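Q: Right, I'll just put the structure down here and ask away after.
Number of protein chains: 2
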Amino acid sequence: MSELRRDPISGRWVIIAPERGARPRDFTPDPVEDIAPASCPFCEGNERMTPHELFAIRDVGEPDRPGWYVRVVPNKFPALEVEGTVEPREEGLWRAMDGLGAHEVVIESPRHDMDLAFARDEQIMRVIRACENRVEDLRRDRRFRHVFVFRNHRHAAGASVGHPHSQVMAVPVVPEHLRAGLLGASTYFEKHGECIHCRIVADEMAHGQRVIAHNDSFVAICPYASGYAYAATIYPLRHMHDLLLLQPQERADLASILRRLLVGYRTALFNPPYNLVYQIAPVLDAAGNGAEYSRHLSDLFHWHIDITPRLTRTAGFERGTGLYLNPVAPEEAAKTIRGNLP
Amino acid sequence: MSELRRDPISGRWVIIAPERGARPRDFTPDPVEDIAPASCPFCEGNERMTPHELFAIRDVGEPDRPGWYVRVVPNKFPALEVEGTVEPREEGLWRAMDGLGAHEVVIESPRHDMDLAFARDEQIMRVIRACENRVEDLRRDRRFRHVFVFRNHRHAAGASVGHPHSQVMAVPVVPEHLRAGLLGASTYFEKHGECIHCRIVADEMAHGQRVIAHNDSFVAICPYASGYAYAATIYPLRHMHDLLLLQPQERADLASILRRLLVGYRTALFNPPYNLVYQIAPVLDAAGNGAEYSRHLSDLFHWHIDITPRLTRTAGFERGTGLYLNPVAPEEAAKTIRGNLP
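What follows is the structure in structure tokens.
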């Protein structure tokens, strides 16, 4: 099985997943062709090609049969697996643990070509509800420290199947960016007694130049110090530390702003590859680890969605230095996407 | 000019460089063809096509004329420029400063097709000497906090010109990875009174499984918790916090291990695109900022070279979470490259 390893200097965890079977010749630099709907395991009618479904929203039909709107199945090639323990193995500087986790696929439409940008708000709400269900369910396994949702659009962003889908992953560690984000938010909270995300939302709404769109519950902005061209963040306007606090009207507003943003990207940037990640709260593990974050977690964290189009590969030093170069000012990026909203 | 902006939550700096002129249509996902030697500004005989040279190693000839082995010129499209001040501009949460810095190109050969993997050790030593010269010279400008050297190989790794070259960049901030690395090394030093990199080198040499190659002065390993397939680090065996401490015999040993590693990559992985970064010590700025690192800097830091082939784009969530998935166990990676060394 795969293994989680901790970098002894930075403390960053990585997943070493050799059974995903990569050999030197497997790394193809060229985009592969998408599979045809007839042989697509995510298309309606091909339910037998996936593992048994974990969750579905459907009007008619039995599990693993047609008639669904949204369907969730285990990933056939999971990065992490549910067997294993959270006990770390230590040897000098080296620290590892079993590649314990869960990895699921949220199939967002019965139709192969129905990208989220073309979907109706009602359908996007179903997708969001399915993600909420999986997060809630996976959090019950107290071995996990974090459950998150992400979406890769197009091959260049890591999507191996063209059929629209999101993924849900549960991991027994707090991922690096979330850890750093919680630390920064915590430092600010100690000093100012307020949520730094609420402050950012208020400042951006007042300033306006980096706002792409907003409605009664959400705002989409291009972050001030964004490291990627045209990257955007969707924030709930009210302070809400976790996705599972969404009210029905808020879910409708989220579906609406997300669809508008995705159409804006598609038009402004010619259907760009992108990664979308739900940045939501981590959880305590069975041993109570995580209390350093969660003491004030509901006060200092504010969930949001990050979307980063994958347009540039110009700055090769970024991987090595962590110093990112963004060739598009966020104010210009917001203006461009704003001008292409439906 | 460009601008440096600080993320209010993580403290991470980014370069916003809109004058590099990217418009939505400029982002091409496809590799461009390399330019022909006749129109290559880095080829011998085309010296008039570059800005005036800053440094060269040559037997014969005048500056900006043929007869050189290695030639350093300003980058024609710099990410940062030497005019500007280090005074930050603050407005609420937002903090920015001028896009102050330097960005130079080290042309590694007069010949367009003479990749470093094919060069003689003598020539690689000249390239290293040129980099040392530029680092030493740029550090004299006390507005800079860090000067670093990197190399992008092939278009997929960010190289816009096929002619072999490295780049030198000076920046007025300490880049994120270096900051995190210094913090981790510092924490370890406070606790154990030794350099964590020396400990890693000793453990890896004793363990052996992740060692690719070594000689009297250097060792190349696949790091234990590497986030990228086939990534390698070259460490000096003796404790040495900075590149500028290199002795002549060590420079020869570095050239040798670097060439062998690059040939190993080329053979094992079919000439993969890669990024190579010299991780060297930061500097104090004119106001003395950096003392928090440099008090014990010479004790706790240990310079090294990181090389990351760009083979995978499978894990789209990495950008959003910082949780990296490496499909090749570092022990396997080391074995594969080791089996392909010249």
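Those protein sequences? They're chains A and B, same order as listed.
Everything in the first sequence is counted per the working numbering, starting at 1 for the first residue and increasing by one.
Everything in the second sequence is counted per the working numbering, starting at 343 for the first residue and increasing by one.
Each residue gets a CB set at the ideal place from its N, CA and C atoms; glycine is no exception.
Here the structure is a predicted model, which means the values were calculated and not measured.
Can you look up Met1/A in the DSSP assignment and give me helix, strand or coil?
A: As a first step, residue 1/A is located in the first sequence; it is residue number 1 there, counting from the start. Met1/A: coil per DSSP, three-state reduction.
Q: Rounded to whole angstroms, what is the Cα-Cα separation between Val503/B and Ile377/B?
A: Mapped onto the second sequence, residue 503/B falls at position 161. Mapped onto the second sequence, residue 377/B falls at position 35. Spanning the two alpha carbons is a distance of roughly 7 Å.
Q: Tell me, please, which residues DSSP counts as bridged to Met49/A.
A: Taking the first residue of the first sequence as 1, we reach residue 49/A at position 49. None, per the DSSP bridge assignment.
Q: For Asp137/A, which of helix, strand or coil comes out of DSSP?
A: Walking along the first sequence from the start, residue 137/A turns up at place 137. Correct three-state label for Asp137/A: helix.
Q: With distances taken Cα to Cα, identify the nearest neighbour of Tyr265/A among Ala96/A, Ala185/A and Thr336/A.
A: The residue you call residue 265/A lines up with position 265 of the first sequence. For Tyr265/A, the nearest C-alpha among the options comes from Thr336/A.
Q: Suppose you measure from the CA of Arg120/A to the CA of Pro110/A; what does that come to, to the nearest Å?
A: Taking the first residue of the first sequence as 1, we reach residue 120/A at position 120. Taking the first residue of the first sequence as 1, we reach residue 110/A at position 110. For Arg120/A and Pro110/A, the distance between alpha carbons rounds to 14 Å.
Q: Measure the CB-CB distance between Val448/B and His488/B and report whether it falls below 9 Å.
A: Within the second sequence, residue 448/B is the residue found at index 106, counting from 1. Within the second sequence, residue 488/B is the residue found at index 146, counting from 1. No, they are not a contact pair.
Q: Could you spell out the range, first to last residue, of the alpha helix (DSSP H) harbouring Ala438/B?
A: For the purposes of this step, residue 438/B is taken as residue 96 along the second sequence, with counting starting at 1. Segment Trp436 to Asp440 is the beta strand (DSSP E) holding Ala438/B; no alpha helix (DSSP H) there.
Q: In terms of alpha-carbon separation, which member of His153/A, Met1/A and Cys43/A lies closest to Ala96/A?
A: In the first sequence, the residue the question calls residue 96/A occupies position 96. Per the Cα distances, Met1/A.
Q: Taking DSSP as the reference, what is the three-state secondary structure of Ala119/A?
A: For this step, residue 119/A is matched to residue 119 along the first sequence. Annotated three-state conformation of Ala119/A is coil, per DSSP.
Q: Can you look up Glu90/A in the DSSP assignment and give me helix, strand or coil?
A: The residue labelled residue 90/A in the question sits at position 90 within the first sequence. Looking at Glu90/A - three-state DSSP - the assignment turns out to be strand.
Q: Judging by CA-CA distance, which residue of Ala56/A, Cys40/A, Glu122/A and Gly101/A is the nearest neighbour of Ala17/A?
A: Residue 17/A sits at position 17 when you count from the first residue of the first sequence. Comparing Cα positions, the closest option is Gly101/A.
Q: Counting contacts by CB-CB distance shorter than 9 Å, is Trp436/B in contact with chain A?
A: To locate residue 436/B, count along the second sequence from 1; it is residue 94. So yes, Trp436/B belongs to the interface.
Q: Could you tell me which whole beta strand (DSSP E) segments of length 3 or greater appear in the region 226-309 of chain A?
A: Unbroken beta strand (DSSP E) stretches of 3 residues or longer found wholly inside the region 226-309 of chain A: 232-236, 274-279 and 304-309, given in chain order.
Q: Where do the N-terminal and C-terminal ends of the beta strand (DSSP E) with Phe492/B fall, by residue?
A: Position 150 of the second sequence, counted from the start, is the residue given in the question as residue 492/B. Its beta strand (DSSP E) spans residues His488 to His495.
Q: Buried or exposed, going by whether 16 or more other CB atoms sit within 10 Å of the CB of Val402/B?
A: Here residue 402/B refers to the residue found at position 60 of the second sequence. Label assigned to Val402/B: exposed.
Q: What does the Cβ neighbour count give for Glu660/B, buried or exposed, with the cut at 16 atoms within 10 Å?
A: Stepping through the second sequence from its first residue, residue 660/B is reached at position 318. It counts as buried.
Q: Do you know how far the Cα of Asn494/B is from the Cα of Ile15/A?
A: Residue numbering aside, residue 15/A sits at position 15 when the first sequence is read from its first letter. Residue numbering aside, residue 494/B sits at position 152 when the second sequence is read from its first letter. Their Cα atoms are separated by approximately 25 Å.
Q: DSSP on Arg485/B, reduced to helix/strand/coil?
A: Here residue 485/B refers to the residue found at position 143 when the second sequence is read from its first residue. Coil.
Q: Is His214/A closer than 9 Å to Ala206/A when the C-beta atoms are compared?
A: For the purposes of this step, residue 206/A is taken as residue 206 along the first sequence, with counting starting at 1. For the purposes of this step, residue 214/A is taken as residue 214 along the first sequence, with counting starting at 1. Contact flag unset, no.
Q: Step through the CB atoms of chain B and report whether any lies within less than 9 Å of the CB of Arg319/A.
A: To locate residue 319/A, count along the first sequence from 1; it is residue 319. Closer than 9 Å: yes.
Q: Report buried or exposed for Gly387/B, applying the criterion of at least 16 other Cβ atoms within 10 angstroms of its Cβ.
A: Taking the second sequence and counting its residues from 1, the one referred to as residue 387/B is at position 45. Looking at its Cβ environment, which holds fewer than 16 other Cβ atoms inside 10 Å, Gly387/B is exposed.
Q: Going along chain B in order, which residues have a C-beta closer than 8 Å to the C-beta of Glu176/A?
A: As a working note, residue 176/A is residue 176 in the first sequence. Simply Thr663, Gly664 and Leu665.
Q: Does the Cβ of Asp253/A have 16 or more other Cβ atoms within 10 Å, making it buried, or fewer, making it exposed?
A: Residue 253/A sits at position 253 when you count from the first residue of the first sequence. It is buried - the Cβ of Asp253/A has at least 16 other Cβ atoms within 10 Å.
Q: Touching or not, the region 641-649 of chain B and the region 574-585 of chain B, by the rule of three or more beta carbon pairs under 8 Å?
A: Contact between the region 641-649 of chain B and the region 574-585 of chain B is present: three or more C-beta pairs spanning the two stretches fall below 8 Å.
Q: Assuming the contact rule is C-beta atoms closer than 8 Å, Gly84/A and Asp64/A should be a hit. Round their C-beta distance to whole Å, please.
A: Here the question's residue 84/A lines up with position 84 in the first sequence. Here the question's residue 64/A lines up with position 64 in the first sequence. At roughly 27 Å, the Cβ-Cβ gap does not stay under 8 Å, so Gly84/A and Asp64/A are not in contact.
Q: Short of 7 Å Cβ to Cβ, which residues in the region 483-494 of chain B face chain A?
A: Those residues of the region 483-494 of chain B that come within reach of chain A (Cβ to Cβ, closer than 7 Å) are Phe490, Phe492 and Asn494.
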